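So for the sequence shown, the working numbering puts the first residue at 1; every next one is plus one.
Encoded as structure tokens, the structure appears first; notes follow it.
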Amino acid sequence: MDHSKGRKLYTPIEVYDITYKAFLTVRKFGRGRKEKFISTQFVERIMLAVTEVNDCPLCSYGHTKMSLEAGMTSTEIENMLSGQHSDVPTRELPAVMFAQHYAEYRGRPTKEAYNQIVKLYGREKAQAILGAIRMIMLGNAYGIPWGSFINRFKGKPDPRSSILYELAIVISTFFFIPVALVHALLVNLYRKNNYPQIT
């Protein structure tokens, strides 16, 4: 895959924000999966849509495998990783488009866009969708620099990246994740209205 014209990488501040928001809604995502608000294929379509925007080769590889295991066809997966949504079920298409919007806006979508998702799917399902999006954003934010760092030693550097950036994010991983987890736990504990913050 050619990344020479790929998406601008996330700054360390953005990576922390993505990490924090993923932990804010991880329970909503887990509940959605457990209570079957969102199916495995639905989740994978969301994750493929976000991964296509962020251009994460490591995540593309992993979610291609998981999508096939979930019963999606190779044609649909290839289309989604090319930004084509013609195979997406009509009922799931608004969520997939919102996932794409979320990634394109670098984790800061418009409130109006999210309110439309709530209107279409209901609050609980919308929160599960948001949780799924944020989990793959987390995977992409770390997967890109980790994958680039590994590929650099295979003679396949990512033109978007640098060794300093990769080292900064790789090292920050071990600090950002526990701090963001505690941050999110405290916010969820003291928040009166447990409605996810969008921006």
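Every residue gets a Cβ at the ideal spot worked out from N, C-alpha and C, and that includes glycine.
In this text, all values refer to a predicted model and were calculated from it rather than measured experimentally.
Sorting 143, 147 and 65 by C-alpha distance to the C-alpha of residue 18 places 143 at the top. In the DSSP assignment, residue 16 falls within the alpha helix (DSSP H) that extends over 12-24. According to the DSSP assignment, residue 176 belongs to the alpha helix (DSSP H) that extends over 163-190. In this structure, DSSP gives residue 88 a state outside helix and strand, which the three-state scheme calls coil. Counted as a single uninterrupted DSSP element, the alpha helix (DSSP H) harbouring residue 145 occupies residues 123-152. The beta carbons of residue 58 and residue 80 sit about 17 Å from each other, so the pair does not count as a contact at 8 Å.
Judged by beta-carbon spacing, residue 33 lies within the 9 Å limit of residue 128, meaning their Cβ atoms are closer than that value. Residue 99 is positioned such that its CB atom lies closer than 9 Å to that of residue 133.
Residue environment analysis places residue 178 among the exposed positions, since fewer than 16 neighbouring C-beta atoms fall within 10 angstroms of its C-beta. Using a Cβ distance threshold of 9 Å, residue 61 and residue 94 do not count as a contacting pair. A contact between stretches requires three or more CB pairs, one per stretch, nearer than 8 Å, and the region 161-178 meets this requirement with the region 138-152. Residue 139 places its beta carbon 9 Å or farther from that of residue 30. In this structure, the alpha-carbon of residue 83 lies about 11 Å from that of residue 54.
Spanning the alpha carbons of residue 22 and residue 135 requires a straight line of approximately 5 Å.
Taking 8 Å as the upper bound for CB-CB distance, residue 166 and residue 149 are in contact here, some 4 Å apart. Only residues of its own chain outside the window of five on either side were considered, and among them 44 and 77 have a CB closer than 6 Å to the CB of residue 67, listed in chain order.
Under the 10 Å beta carbon count, residue 24 is surrounded by 16 or more other beta carbons and is classified as buried. By the neighbour-count criterion, in which 16 or more other beta carbons inside 10 Å mark a residue as buried, residue 96 falls on the buried side.
About 5 Å separates the beta carbons of residue 141 and residue 15, which is inside the 8 Å limit, making them a contact pair. Take residue 115, set aside five residues on each side of it, and no residue of its chain has a beta-carbon closer than 8 Å to its own. With fewer than 16 other CB atoms across the displayed protein chains lying within 10 angstroms of its CB, residue 119 is exposed.
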